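Student:
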Amino acid sequence: MRVPPGSQLVFNQVVQSGSNALNPNGTFLKSDPKFNDWLGKANDLRLFVVVDRATASGTFVAFMEEAGDEELAWTSTYAEAGIPGLGGTVLSPGETIFAGSDIESARPTYPGISVFGRASLGYRRLSVGLGFTTAQFTARVRIWASGHNGYRRFHRLLLMERLEGTGFITTPNESCAWLAGPDILTVGVQTDEVVGSPTLSIFQGQSANGRIWVDGTPGPFSIVSGIVYAGGISTSNSGGNPGLMRFGLQLAGTNPAATVRLWVTGRDVRSG
Amino acid sequence: MRLFHELVFDRFIEGATGFGGFTSKFMWDPVIGGVDTLRLMVVADHVSGTSVVLNIGVFEEPEVGTAPENIPINSPLPNAPLTPGQVNIFNATLSDPNVPFSYGAFLWVSLNGTSPVAHVRIWATGRGRA
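Line order of the protein sequences matches chains A and W.
The first sequence begins at 1 in the working numbering and counts up by one.
The second sequence begins at 273 in the working numbering and counts up by one.
(1) Tell me the DSSP secondary structure of Val315(W) in three-state form.
(2) Which residues does DSSP list as the beta-bridge partners of Asn346(W)?
(3) Between the C-alpha atoms of Ala139(A) and Val14(A), what's the straight-line distance to the nearest angstrom?
(4) Could you please give the first and the last residue of the uninterrupted beta strand (DSSP E) stretch that includes Leu249(A)?
(5) Quick one: is Ser347(W) near chain D, going by C-beta distance under 7 Å?
(6) Beta-carbon separation of Val392(W) and Val381(W) under 7 Å?
(7) With contact counted as at least three CB pairs below 8 Å, one residue from each stretch, are the stretch 56-71 of chain A and the stretch 348-363 of chain W in contact?
(8) For a contact defined as C-beta to C-beta under 8 Å, what are the partners of Pro353(W) on chain A?
(9) State buried or exposed for Leu279(W), treating a residue as buried only when at least 16 other CB atoms are found within 10 Å of its CB.
(10) Is there a Cβ from chain A that is less than 7 Å from the Cβ of Ile304(W)?
(11) Of the residues Val187(A), Ser197(A), Pro242(A), which one's Cα is nearest the Cα of Val214(A)?
(12) Looking at chain W, is there any beta carbon in it that lies within less than 7 Å of the beta carbon of Arg46(A)?
(13) Is the beta carbon of Lys30(A) within less than 6 Å of some heavy atom of the ligand SAM?
(14) DSSP three-state label for Ser225(A), please.
(15) Let me see if you follow: with CB-CB separation under 7 Å, is His148(A) close to chain W or not?
(16) Any beta carbon of chain A sitting closer than 7 Å to that of Val371(W)?
(17) So the candidates are Ser225(A), Pro198(A), Gln250(A); which of them puts its Cα closest to the Cα of Pro218(A)?
(18) If the criterion is Cβ atoms closer than 7 Å, does the pair Leu366(W) and Thr289(W) meet it?
(19) Using the beta-carbon count (16 or more within 10 Å), is Ala396(W) buried or exposed?
(20) Going by C-alpha to C-alpha distance, which of Asp32(A), Ala99(A), Asp192(A), Arg107(A) sits closest to Glu80(A)?
(21) Of the residues Leu22(A), Gly26(A), Val50(A), Arg118(A), which one's Cα is nearest the Cα of Arg267(A)?
(22) In the DSSP output, which residue or residues are listed as bridge partners for Pro5(A)?
(23) For Cys176(A), I'd like the list of residues in its chain whose CB is within less than 8 Å of its CB, leaving aside the five on either flank, ordered along the chain.
(24) Please list the partners that Trp144(A) has in chain W, where partner means a Cβ-to-Cβ separation under 8 Å.
(25) By alpha-carbon positions, which one of Gly205(A), Gly226(A), Ser105(A) ends up nearest to Asp192(A)?
(26) Run through DSSP, which three-state label would Gly305(W) get?
(27) Residues of the stretch 77-98 of chain A with a CB closer than 9 Å to any CB of chain W: list them in chain order, please.
(28) Could you tell me which of Asn20(A), Thr186(A), Ser105(A) sits nearest to Lys41(A), measuring between CA atoms?
(29) Any beta-carbon of chain W closer than 7 Å to the one on Ser31(A)?
(30) In terms of residues, what are the limits of the beta strand (DSSP E) holding Asp268(A)?
(31) Do Val260(A) and Leu157(A) have their C-beta atoms closer together than 7 Å?
(32) I'd like to check one pair, Pro388(W) with Gly293(W): are the Cβ atoms closer than 7 Å?
(33) Out of curiosity, what's the CA-to-CA distance linking Val50(A) and Ser17(A)?
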């Protein structure tokens, strides 16, 4: 089901490739920032690309990036790989068309947070580049985006704390009820001012009465400063949410410390 | 959840249209493009000719009507043989919830064979994620 209505021309720029085979990709250009919020509303995106006015043939590549706060760190959804189906050879002269999808089942999650396949964080943008093949070239690139499924219900900074030591900290009690509302939850965690070489564990807690909690068994992962780690929890796959939910954070290591921000994005699977 | 059920194509086709073919009306493009699962029911009658086959393709587009280009997604009904003198009925499904459409999508219908003629009607039923 398409959400939100319509499609948007989110990228319309002239892009330049790198100048040689050792530096094949030129500067990657981002989609218009005014679409960062709009691109994050739907869980799945269909992307339609038209490349024309290329001055030489080469390659096209596009990355999807996500963020909890668009003015802080962004993370590349597919790491070093481009968006599935959205890349290939650019023709010159002529028009080249690509279509690809950024979808939940293909979206990797950060190790230790959840299984493969997760919903998107609250903000998204495209990062687009052209690759050198035989000559440096420029081309006009247009990308339309259409959203489907998993309409975003909320996206909030749930916790920002300086963690020192290995104590267990949870998200505010007042959030436990509304956090359990949507079908799918995604967490984005940004770590800064990291001391030492700690690991971080993110617990997903469930409760029926707010007093007895089952906090899951996360896998700890190593953290460094200035990075957003994204992980998803699809409660629709586990029989639905209980009445109350919370997240917990815990550092491990030798005298660990870090400033941690945790955003949570809630989505409903089918409703628009 | 069912999103719509409509007769999106109703046309007499005479002659082998090859790559020409006919499309469903523009008005249905954003409706068809809004779904994740598409079920087609095809009824072809008034068939005449020899070795008549029917082809149905689905194309997507980022803007309706003014799109610079469109690309084929799938052929839910490729080279379906039509029998003269009877009503031919086919079902076809385009169901891949992992690959949503762009904003618009439309059907492309063509006949092939020797002097093919048919009256083709297509009902489309769109649903959300399976």
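We put the beta carbon where it would ideally sit given N, CA and C, even for glycine.
Because the structure is a prediction, the values reported are computed rather than measured.
Tutor: Inspection of the coordinates gives the following:
(1) Against the second sequence, residue 315(W) aligns to sequence position 43. In the structure shown, Val315(W) sits in a strand (DSSP, three-state: E or B).
(2) Walking along the second sequence from the start, residue 346(W) turns up at place 74. According to DSSP, Asn346(W) bridges with Val330(W).
(3) As a first step, residue 139(A) must be located in the first sequence, where it is residue number 139. As a first step, residue 14(A) must be located in the first sequence, where it is residue number 14. If I take the Cα positions, the gap works out to 5 Å.
(4) For this step, residue 249(A) is matched to residue 249 along the first sequence. Note, Leu249(A): beta strand (DSSP E), 244-252.
(5) The structure shown contains no chain D; the protein chains it does contain are A and W.
(6) Taking the first residue of the second sequence as 1, we reach residue 392(W) at position 120. Taking the first residue of the second sequence as 1, we reach residue 381(W) at position 109. Closer than 7 Å, so yes.
(7) no
(8) Position 81 of the second sequence, counting from 1, holds the residue named residue 353(W). Those within 8 Å of Pro353(W) in chain A number zero; the least Cβ separation is about 31 Å.
(9) Reading the second sequence from its first residue, position 7 is the one you call residue 279(W). Leu279(W) comes out exposed.
(10) Along the second sequence, one-based indexing puts residue 304(W) at 32. No, because no Cβ of chain A sits closer than 7 Å to the Cβ of Ile304(W).
(11) Within the first sequence, the letter at position 214 stands for residue 214(A). Checked all of Val187(A), Ser197(A), Pro242(A); the closest Cα to Val214(A) is Pro242(A).
(12) Residue mapping note: residue 46(A) aligns to position 46 of the first sequence, counting from 1. Chain W, which has a Cβ nearer than 7 Å to the Cβ of Arg46(A), makes this yes.
(13) Here there are no bound small molecules, and the ligand SAM is not part of this structure.
(14) Along the first sequence, read from residue 1 onward, the residue named residue 225(A) stands at position 225. If DSSP states are grouped into helix, strand and coil, Ser225(A) belongs with coil.
(15) Within the first sequence, residue 148(A) is the residue found at index 148, counting from 1. Answer yes: the Cβ-Cβ gap between His148(A) and chain W drops below 7 Å somewhere.
(16) The residue given as residue 371(W) occupies position 99 in the second sequence. Val371(W) counts as touching chain A.
(17) The residue labelled residue 218(A) in the question sits at position 218 within the first sequence. Residue Gln250(A) is the option with its Cα nearest to Pro218(A).
(18) On the second sequence, position 94 is the one that residue 366(W) refers to. On the second sequence, position 17 is the one that residue 289(W) refers to. Contact flag unset, no.
(19) The residue labelled residue 396(W) in the question sits at position 124 within the second sequence. The residue in question, Ala396(W), is buried, as its Cβ has 16 or more Cβ neighbours within 10 Å.
(20) If you number the first sequence from 1, residue 80(A) lands on position 80. Here the closest residue by C-alpha is Arg107(A).
(21) For the purposes of this step, residue 267(A) is taken as the residue at position 267 of the first sequence. Answer by Cα proximity: Arg118(A).
(22) Within the first sequence, the letter at position 5 stands for residue 5(A). DSSP output for Pro5(A) lists no bridge partner at all.
(23) Here the question's residue 176(A) lines up with position 176 in the first sequence. Once the five neighbours on either side are set aside, the close Cβ partners of Cys176(A) are Ser207, Gly210, Leu244, Met245, Arg246.
(24) Position 144 of the first sequence holds residue 144(A). Simply Pro334, Glu335, Ser374, Tyr375.
(25) To locate residue 192(A), count along the first sequence from 1; it is residue 192. If we check each option's Cα against that of Asp192(A), Gly226(A) comes out closest.
(26) Your numbering for residue 305(W) matches position 33 in the second sequence. Helix, per DSSP.
(27) Gly85, Glu95, Ile97, Phe98
(28) Stepping through the first sequence from its first residue, residue 41(A) is reached at position 41. For the residues Asn20(A), Thr186(A), Ser105(A), the minimum Cα distance to Lys41(A) belongs to Thr186(A).
(29) For the purposes of this step, residue 31(A) is taken as residue 31 along the first sequence, with counting starting at 1. Ser31(A) does not count as touching chain W.
(30) On the first sequence, position 268 is the one that residue 268(A) refers to. Unbroken beta strand (DSSP E) run through Asp268(A): 257-268.
(31) As a first step, residue 260(A) is located in the first sequence; it is residue number 260 there, counting from the start. As a first step, residue 157(A) is located in the first sequence; it is residue number 157 there, counting from the start. Their beta carbons are not under 7 Å apart, which means Val260(A) does not touch Leu157(A) by this criterion.
(32) The residue given as residue 293(W) occupies position 21 in the second sequence. The residue given as residue 388(W) occupies position 116 in the second sequence. Contact flag unset, no.
(33) Here residue 50(A) refers to the residue found at position 50 when the first sequence is read from its first residue. Here residue 17(A) refers to the residue found at position 17 when the first sequence is read from its first residue. Cα-Cα distance, rounded: 16 Å.
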